[in-house]
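Please read the structure below before turning to the comments.
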Amino acid sequence: MDTGIQELSVTSLAGDTDIGYIKMGSGPALVIVPGALGVAMDWSLVARLLGDRVTCYPIDRRGKGRSDLGAGYSMESEAADVKAVLDAAGPDAALLGHSSGALVALETARRYPMRKLIIYEPPFYYNGLEVDALMARYSAKLEEGGNESAIDLFCRDELMMNDDQIAFMCTTPAWGVLTTLAPTLPEEWKAIWKFNPQVKDYADLAMPVLFLTGSMTEDNPSYATNELVELLPDARKVVMPGNGHMAHLGAPEMVAEEIVKFLIG
Numbered sequence: 001m002d003t004g005i006q007e008l009s010v011t012s013l014a015g016d017t018d019i020g021y022i023k024m025g026s027g028p029a030l031v032i033v034p035g036a037l038g039v040a041m042d043w044s045l046v047a048r049l050l051g052d053r054v055t056c057y058p059i060d061r062r063g064k065g066r067s068d069l070g071a072g073y074s075m076e077s078e079a080a081d082v083k084a085v086l087d088a089a090g091p092d093a094a095l096l097g098h099s100s101g102a103l104v105a106l107e108t109a110r111r112y113p114m115r116k117l118i119i120y121e122p123p124f125y126y127n128g129l130e131v132d133a134l135m136a137r138y139s140a141k142l143e144e145g146g147n148e149s150a151i152d153l154f155c156r157d158e159l160m161m162n163d164d165q166i167a168f169m170c171t172t173p174a175w176g177v178l179t180t181l182a183p184t185l186p187e188e189w190k191a192i193w194k195f196n197p198q199v200k201d202y203a204d205l206a207m208p209v210l211f212l213t214g215s216m217t218e219d220n221p222s223y224a225t226n227e228l229v230e231l232l233p234d235a236r237k238v239v240m241p242g243n244g245h246m247a248h249l250g251a252p253e254m255v256a257e258e259i260v261k262f263l264i265g
């Protein structure tokens, strides 16, 4: 069984930067798009559990990890980034997107055909007074020089994490990644606002789609999971009990098994 990590890169179809990604495991290909505060290695726990059942290709999104920012954030350029990795993974590759990476995955699927799609809590509802207020508080924390304070606020107010979950997160390598990437969030957030994704724009996605959500975040008004499940012709939802927005770190075995059931059956 091959669970070693290969560090690779490919030039984005946008032509302005190289996109770093890792390759782990063997079996059917799955490209993974992390969230705004994530990097490829965040998905290594899931990838190791998938082992010889699925080949995982988690990416470093532009401006993060081994991927340079290029000409800047936009949904169009990020879809072009993901398509380049999909091409490298092979014609039958499936795609998984988490959080804002789920928005990128949906837009990639709308622009380019693919076999199957997995979407984990896509935050469509970025605009509005509540979100504006959240980003104002977040930016204020950053300006005070408090990356950790900003991430703590985001985890509580947007991801609905409790004290115990945040305390656990602080003990993992993911916390260092989150705090390092904290300053990148406002600009990426603005790019999503500018794109202004609408649920109805994805009505023509005909491939099978699995929606993952946590029981603790299923009712978060930011996520359009239920609306998309009702809209798409071949979609189903799995609720992961006792988990929230970060189950790939807190319960990777649960995420891995849902991936296997969906991709392989």
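Residue numbering for the sequence shown follows the numbering used here, starting at 1 and increasing by one per position.
Glycine included, every Cβ here is placed at the ideal spot set by N, Cα and C.
Quick caveat, the model's predicted, so the values are computed rather than measured.
Only counting the same chain, and skipping five residues up and downstream in sequence, which positions put a Cβ closer than 6 angstroms to that of Leu-37?
Excluding residues within five positions, the ones whose Cβ falls inside 6 angstroms are Leu-178 and Leu-181.
Per DSSP, which residues does Pro-211 bridge with? Please list them.
A quick correction: the sequence has Phe, not Pro, at residue 211. Answer is Ile-119 and Lys-237.
If you compare alpha carbons, which of Gly-176, Arg-62, Leu-249 and Ala-247 is closest to Ala-191?
The residue with the shortest Cα to Cα distance from Ala-191 is Arg-62.
Based on Cα-Cα distance, which residue from Asp-52, Leu-159 and Gly-70 lies nearest to Gly-20?
With distances taken between Cα atoms, Gly-20 lies closest to Gly-70.
Does DSSP put Glu-7 in a helix, in a strand, or in coil?
In the structure shown, Glu-7 sits in a strand (DSSP, three-state: E or B).
So for His-98, helix, strand or coil by DSSP?
Reduced to three states, the DSSP call for His-98 is strand.
Measuring straight from C-alpha to C-alpha, what distance separates Thr-3 and Thr-171?
Note that Thr-3 scores 48 on pLDDT, short of 50, meaning its location in the model is unreliable; the coordinates nonetheless yield the value given after this. If I take the Cα positions, the gap works out to 24 angstroms.
Please state whether DSSP places Val-54 in a helix, a strand or coil.
Coil, per DSSP.
Could you give the DSSP three-state label for Val-33: helix, strand or coil?
Three-state result, Val-33: strand.
Note down, in chain order, each residue of its chain lying with its Cβ closer than 7 angstroms to the Cβ of Pro-208, except the 5 sequence neighbours on either side.
Closer than 7 angstroms at the Cβ level, and outside the excluded window around Pro-208, lie Lys-116 and Asp-234.
Kindly indicate which three-state DSSP category Ile-59 falls into: helix, strand or coil?
Strand.
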